[in-house]
Amino acid sequence: MSAKTWTPKPARPAPANTVGFVGWARENLFTTKLDSALTLLCAALIIYVLDVGLGWAIVDASFSGDDRNACLKPVQGACWPFIDAKFGQFIYGRYPEMERWRVDWVFALGLLGLVPLLMPTVGFKRANVIFMLGFYPMFSFFMLTGGSFGLAAVDTSDWGGLLVTLVVAVTGIVGSLPLGILLALGRRSDLPIVRALCVGFIEIFRGVPLITVLFMASVMLPLFLPDGVNFDKLMRCLIGVALFASAYMAEVVRGGLQAIPKGQYEAAAALGLGYWKTTRLIILPQALKLVIPGIVNTFIGLFKDTTLVLIVGLFDLLGIVQLHFTDSTWATPETHITGYAFAAFVFWVFCFAMSRYSIFMEKHLSTDPNQ
Amino acid sequence: MQMLRKLSAGLLLLAVASFASTPAAEAAGQTLEIVKKRGHLKCGVSQGLPGFSTPDNRGNWTGIDVDFCKAVAAAIFNDADKVKFTPLSAKERFTAIQSGEVDIIARNTTWSMHRDTALGVDFPVVNYYDGQGFMVRADLGVRSARDLDGATLCTNQGTTTELNAADYFRSNGMQYEIVAFEKADESVAAYNSGRCDAYTTDHSALYAQKLKLSDPKAHIVLPEVISKEPLGPLVRQGDAAWNDLVRWTHYATVAAEEFGVTSKNISEMKSSSNPSIRRLMGQDGSFGDNLGLSKQWAVHIIRAVGNYGEIFERNVGVKTPLGIKRGVNALWTKGGLQYAPPIR
């Protein structure tokens, strides 16, 4: 009897309705009757929103023209020529057109320094930090304000649009983080006066709305100063925003500090580390990593809060978009909707980028072996 | 601690360094001297109001209020560009003028007794007579506010607008219903969607809002004006000479319109034999000297911005998108309120 080798039949393909898109859809979208109903409802909603949105933004929109007459069709969508005509204003504000290259340089150099700084794989971090925190602010200051090195002086009241939004937000972000960390450490300090000062500062600034801080800086301050002596308005706002944001930042950082187990402090003490070394080498790296979402949340909030500078007469991106609604050569029913859509899109791009980067950073810094 | 101390020292240094300029304390009665010395006029305008102060595509300010400041600059420097505009919010404006942040405010501010007497400011002159009015759909067949009996009105909450409308309807024995909204945009949207028969706010704003309706031509602004909103520039109290200069800057443009002097014919008008025109142009007398200006002060104003009629028509007149008629802002000789005292 010859030996028979048993060869299994080739496996039959999985039932057609459990693989591929159909299988996935059955699994995830149409599991039960309720699921199916919800899926169809959502699909209808998405299609409806896309239809209305694209219809407004593209199909019925106007794309060229020199004044309001371009945007007065019977069925009118977005009025993009308005954005096109005002684009320079929205980015630079009333910064003189001849001098706008200076703003471009500041933007470009900022991007050039920031991108490698944010990428963990790129080296030269120390040099980059010195460049970004030392040289770059000085460069931006002299470049933007002018009045030296043969550059024409540009008054800050002429700044506007995205330029002001970024200046206020970046100063607020860069200023508030170190100040907030110091305040948080101070609040947990054993020295009673330091603690009282920090608690007082944090509670006062957190207890009032940002509008109040800006308003005090802009309206009340001049009354206390001698006649004719005037702080630069933008500078007043920058300081106000940075102080305000640092109070919030302090509380976020304090949350991280409190999450560090006592054992970490004791271990550091056992190694013979002093207060500053313990804080710098053991506590802060762990605490800050824990509160990255909170920190970025504060940054995003701050970025959007910059729109409040409008009430003290500075025109940030949203402010200058609104300002140009009043130009009667462009007044149409769609002008302000288009303008708001544009401003919302720009804000969304910045906030979304910050949010994605924070998620990336959390993953990158994670020491959790299960991830 | 050390770090904190360093930080606070740094902040203090920053604060000191940012004192942009430190002009001499502005004593009362010297505004003109200070402005001349500084080399430009500092003018507070609104944060955007169609026809009054609004930026064009290149960010240059335009509008009636803007032209007013340009006229003052032209009178002082013979150069309408020597003026720096500071957009002020409604809340900031009075502090800005009191603290010397600006020399003059032309910010569609209503001249009221409270503001004139209690806030440390003076209103030298009225450069635009505004007032509350109504807008209705043309096909409603309403041609006068008196026909609005039983109408539903859209307006803004808690403003004098609402009270004025109530007063007007009550005093005329008419029925009405008010639908008030928080913001102007909401009121306009409600009116646009047919929620109300009429929309009421100040006349100049009615024309501006009309452009935002889906079919502006289907709506009309009724002729009645039911409240007084005299809009004018304001200056710090206590500098009578500066007050005079601002007042006569406006009167020069009104007088020029009355005598037919425009920015185009001003060169020919210099040789006019009309004594009124000769005095206006500085050919006879020395009226500019008394203001601390040159004899040609009015010529400089009119060459730069034109007479009052030109300013009006260029910014808000019937040929602009706003399309506002002169109405009460016509010259007194044409039944309006714009009246300049004699220059003599």
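From first to last, the protein sequence lines stand for chains W and Z.
Reminder that position 303 of the first sequence reads as 289 in the numbering used here, one-by-one numbering, no gaps.
Every number in the numbering used here is 16 more than the matching position in the second sequence, counting from 1.
Glycine included, C-beta positions come from ideal geometry on N, C-alpha and C.
Min CB distance residue i to chain W below 8 Å
i	result
alanine 224 (chain Z)	yes
aspartate 363 (chain Z)	No answer is possible for residue 363 (chain Z): it lies beyond the span of chain Z, which begins at 17 and ends at 360.
leucine 338 (chain Z)	yes
arginine 21 (chain Z)	Because the pLDDT of arginine 21 (chain Z) is 49, which lies under 50, any placement of that residue in the model is unreliable, and the number read from its coordinates should be weighed accordingly. Not an interface residue.
leucine 57 (chain Z)	no
glycine 64 (chain Z)	yes
proline 369 (chain Z)	It is not possible to answer for residue 369 (chain Z), since the shown part of chain Z is limited to 17 through 360.
glycine 26 (chain Z)	Residue placement at glycine 26 (chain Z) cannot be trusted, given a pLDDT of 46 that sits under 50; what the coordinates show is reported in the next sentence. Closer than 8 Å: no.
leucine 250 (chain Z)	no
Residue-level contact to chain Z via CB, residue i, 8 Å cutoff
i	result
glycine 83 (chain W)	One detail in the question is off: residue 83 (chain W) reads as glutamate in this sequence, not glycine. Yes, because at least one Cβ of chain Z sits closer than 8 Å to the Cβ of glutamate 83 (chain W).
serine 134 (chain W)	no
serine 48 (chain W)	no
threonine 318 (chain W)	yes
arginine 88 (chain W)	no
glycine 299 (chain W)	yes
valine 205 (chain W)	yes
When the options are compared against residue i, the one with the closest alpha-carbon
i	options	result
leucine 222 (chain Z)	Z:Arg211, Z:Trp264, Z:Asp201	Z:Asp201
leucine 165 (chain W)	W:Asn114, W:Met235, W:Leu137, W:Gly299	W:Met235
glutamine 244 (chain W)	W:Arg80, W:Ile269, W:Val199	W:Ile269
cysteine 337 (chain W)	W:Leu152, W:Val277, W:Trp145, W:Lys219	W:Leu152
aspartate 81 (chain Z)	Z:Thr265, Z:Pro337, Z:Asp165, Z:Gln46	Z:Thr265
leucine 119 (chain W)	W:Thr318, W:Phe210, W:Val156, W:Met206	W:Val156
alanine 256 (chain Z)	Z:Asn345, Z:Ala268, Z:Ser128, Z:Val141	Z:Val141
threonine 349 (chain Z)	Z:Thr336, Z:Ser292, Z:Lys286, Z:Phe275	Z:Phe275
aspartate 97 (chain Z)	Z:Val277, Z:His316, Z:Leu156, Z:Pro337	Z:His316
valine 239 (chain W)	W:Thr293, W:Thr198, W:Gly172, W:Val227	W:Gly172
serine 69 (chain Z)	Z:Asp95, Z:Asn124, Z:Ala89	Z:Asn124
threonine 176 (chain Z)	Z:Phe101, Z:Ile359, Z:Thr216	Z:Thr216
asparagine 345 (chain Z)	Z:Thr336, Z:Pro357, Z:Val332	Z:Val332
serine 341 (chain W)	W:Asn283, W:Ile32, W:Ile44	W:Asn283
leucine 2 (chain Z)	Z:Asp146, Z:Ala205, Z:Gly304, Z:Tyr144	Nothing about residue 2 (chain Z) can be read from this structure; chain Z reaches only from 17 to 360.
Nearest-angstrom Cα separation, counted from residue j out to residue i
i	j	result
asparagine 323 (chain Z)	proline 239 (chain Z)	25 Å
glycine 41 (chain W)	tyrosine 34 (chain W)	10 Å
alanine 167 (chain Z)	alanine 161 (chain Z)	10 Å
leucine 26 (chain W)	isoleucine 323 (chain W)	30 Å
lysine 86 (chain Z)	isoleucine 340 (chain Z)	22 Å
leucine 296 (chain W)	serine 288 (chain Z)	50 Å
methionine 297 (chain Z)	serine 220 (chain Z)	32 Å
isoleucine 345 (chain W)	valine 277 (chain W)	12 Å
leucine 196 (chain W)	alanine 329 (chain W)	21 Å
arginine 112 (chain W)	leucine 100 (chain W)	13 Å
phenylalanine 333 (chain W)	glutamate 108 (chain Z)	27 Å
glycine 149 (chain Z)	isoleucine 236 (chain Z)	11 Å
serine 22 (chain W)	proline -1 (chain W)	26 Å
glycine 343 (chain Z)	glycine 352 (chain Z)	7 Å
proline 178 (chain W)	isoleucine 159 (chain W)	28 Å
glycine 6 (chain W)	asparagine 14 (chain W)	12 Å
Start and end residues, beta strand (DSSP E) containing residue i
i	result
tyrosine 145 (chain Z)	144 to 146
glycine 248 (chain Z)	245 to 252
asparagine 124 (chain Z)	120 to 126
proline 103 (chain Z)	99 to 103
valine 237 (chain Z)	235 to 237
alanine 106 (chain Z)	No beta strand (DSSP E) holds alanine 106 (chain Z); DSSP gives it neither H nor E.
aspartate 218 (chain Z)	214 to 218
valine 154 (chain W)	It is not in any beta strand (DSSP E) - valine 154 (chain W) instead sits in the alpha helix (DSSP H) that spans 147 to 173.
threonine 171 (chain Z)	167 to 172
tyrosine 355 (chain Z)	It is not in any beta strand (DSSP E) - tyrosine 355 (chain Z) carries neither H nor E in the DSSP assignment.
Span of the alpha helix (DSSP H), counted from its first residue to its last, around residue i
i	result
cysteine 59 (chain Z)	Unbroken run through cysteine 59 (chain Z) is the beta strand (DSSP E), 57 to 61; no alpha helix (DSSP H).
isoleucine 77 (chain W)	66 to 78
lysine 53 (chain Z)	47 to 54
glutamate 13 (chain W)	6 to 14
threonine 284 (chain W)	278 to 291
tyrosine 343 (chain W)	321 to 351
isoleucine 179 (chain W)	178 to 193
leucine 36 (chain W)	19 to 40
asparagine 12 (chain Z)	In the structure as shown, chain Z starts at 17 and stops at 360, and residue 12 (chain Z) therefore has no counterpart that could be examined.
valine 315 (chain Z)	313 to 321
**Prompt:** Taking three-plus beta-carbon pairs below 8 Å as touching, is the segment 250 to 257 of chain W in contact with the segment 176 to 184 of chain W?
**Reply:** no
**Item:** Cβ pair count under 8 Å reaching 3, the segment 105 to 119 of chain Z against the segment 133 to 141 of chain Z
**Value:** yes
**Prompt:** Can you find at least 3 beta carbon pairs, one from the segment 223 to 237 of chain Z and one from the segment 44 to 61 of chain Z, that sit closer than 8 Å?
**Reply:** no
**Asked** Contact between the segment 43 to 51 of chain W and the segment 60 to 69 of chain W: three or more CB pairs below 8 Å?
**Response** yes
**Prompt:** Quick check: the segment 304 to 311 of chain W against the segment 74 to 91 of chain W, are there 3 or more CB pairs under 8 Å?
**Reply:** yes
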